[in-house]
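For my numbering, count along the sequence shown from 1 and bump the result up by 62. Below: one structure, written as structure tokens.
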Amino acid sequence: MSPAGGTGIVPAASGTGVRGVAARIGPFERHTEKYDTRFSRNWRAYRSELEAVRIMLPHGRRSLEIGVGTGRFAALLGIRIGVEPSQSMARIARERGVRVIGGIAEDLPLRGDQFDLALMVTILCFLDDVDGALREAHRVLSAGGSLVVGFVDRDSPVGRVYQERSGETLFYREAAFCSGKEVDCRLKSAGFHSLAYGQTIFTDPGQIRELEPIREGYGEGCFAVARGMK
Ligand SMILES: C[S@@+](CC[C@H](N)C(=O)[O-])C[C@H]1O[C@@H](n2cnc3c(N)ncnc32)[C@H](O)[C@@H]1O
């Protein structure tokens, strides 16, 4: 059975998996449980981010999360297929009911023109080739399909603190955060149109005492969500 067996999703005939581009997966592979339990400890931030993504999702059945991690977003958003280079992250996502295909965003092991939605949450900052990954997302979407990207906005007040402290953290040491403006330019260059933005997390996550509001645009919330259409 193919990795995507039973879903109607068609892997590429010559899927290249994780070969070719060095995926920055080391900390995720080694400290998977630690990564995953952060969502339970910081559940108000998690629920706020989940909701900010949920309201940007288009209708459509055939959906994919690229860099699905442990499936924290895919599982609760009804996304059944994920691509992920870290085997230990993928194992937990599978336990959550996501069918995970090994591979990287820059070289998706999937045939083109087959999804209504491609989601990427907090992976842009780990990619060696952001533009290549956005072109790949564009390739696998059907005409009229949407890419939804959740990212740490480097230009937001809390995002600036994240950027300053990233060297001290286990998971974000290697991260290169983008600004909303950069994401906007890159999405347009990759061929996306009808761009829309939402944002949340206006408080330092350690200080969050209730769910954070969700507002339009970017530049203020640490977690921004972009949507573009093919
Ligand atoms: C911060 S985690 C986010 C996981 C998940 N999207 C979430 O929000 O919980 C970053 C994920 O990107 C994956 N990753 C790193 N390099 C990648 C690449 N080149 N292509 C796809 N995923 C990659 C890591 O293995 C990790 O699972």
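Cβ coordinates follow ideal geometry from the N, Cα and C atoms, glycine included.
Alpha-carbon to alpha-carbon, residue j and residue i
| i | j | result |
| --- | --- | --- |
| Pro147 | Leu273 | 31 Å |
| Tyr97 | Tyr224 | 16 Å |
| Arg173 | Gly159 | 22 Å |
| Lys243 | Asp215 | 9 Å |
| Arg124 | Phe254 | 18 Å |
| Ile276 | Arg116 | 11 Å |
| Leu203 | Leu179 | 7 Å |
| Ala167 | Gly140 | 20 Å |
Residue i - DSSP class collapsed to helix/strand/coil
| i | result |
| --- | --- |
| His121 | coil |
| Gln176 | coil |
| Thr184 | coil |
| Asp169 | strand |
| His93 | coil |
| Ser256 | strand |
| Phe213 | strand |
| Arg161 | strand |
| Val130 | coil |
| Gly242 | helix |
| Gly279 | coil |
| Gly140 | coil |
| Thr265 | coil |
| Asp191 | coil |
| Ile154 | helix |
| Ser218 | coil |
Counterpart residues of residue i in DSSP-defined beta bridges
| i | result |
| --- | --- |
| Ser208 | Leu179 and Met291 |
| Tyr224 | Note: Tyr224 sits in no beta bridge, so no partner. |
| Cys284 | Answer by DSSP bridge pairing: none, since Cys284 is not bridged. |
| Ile87 | Answer is none; Ile87 lacks a bridge partner. |
| Leu203 | Phe177 |
| Val145 | Ile128 and Ile163 |
Residue i beta carbon near ligand 1 (any heavy atom closer than 7 Å)
| i | result |
| --- | --- |
| Met151 | yes |
| Leu196 | no |
| Phe135 | yes |
| Glu130 | Inspection of the sequence shows that residue 130 is occupied by Val rather than by Glu. Result yes, Cβ under 7 Å from ligand 1. |
| Pro147 | yes |
| Arg158 | no |
| Phe254 | no |
| Ile185 | yes |
| Phe233 | yes |
| Leu189 | yes |
Exposed unless 16 or more other CB atoms sit within 10 angstroms - verdict on residue i
| i | result |
| --- | --- |
| Tyr102 | In the sequence as displayed, the identity of residue 102 is Ser instead of Tyr. It is exposed - the Cβ of Ser102 has fewer than 16 other Cβ atoms within 10 Å. |
| Ala247 | Note that residue 247 is Cys in the sequence shown, not Ala. By the neighbour-count rule (16 or more Cβ atoms within 10 Å), Cys247 is not buried but exposed. |
| Gln261 | buried |
| Asp169 | buried |
Short CB-CB distance (under 8 Å) between residue i and chain D
| i | result |
| --- | --- |
| Val287 | The chain inventory of the structure shown lacks chain D, comprising one protein chain alone. |
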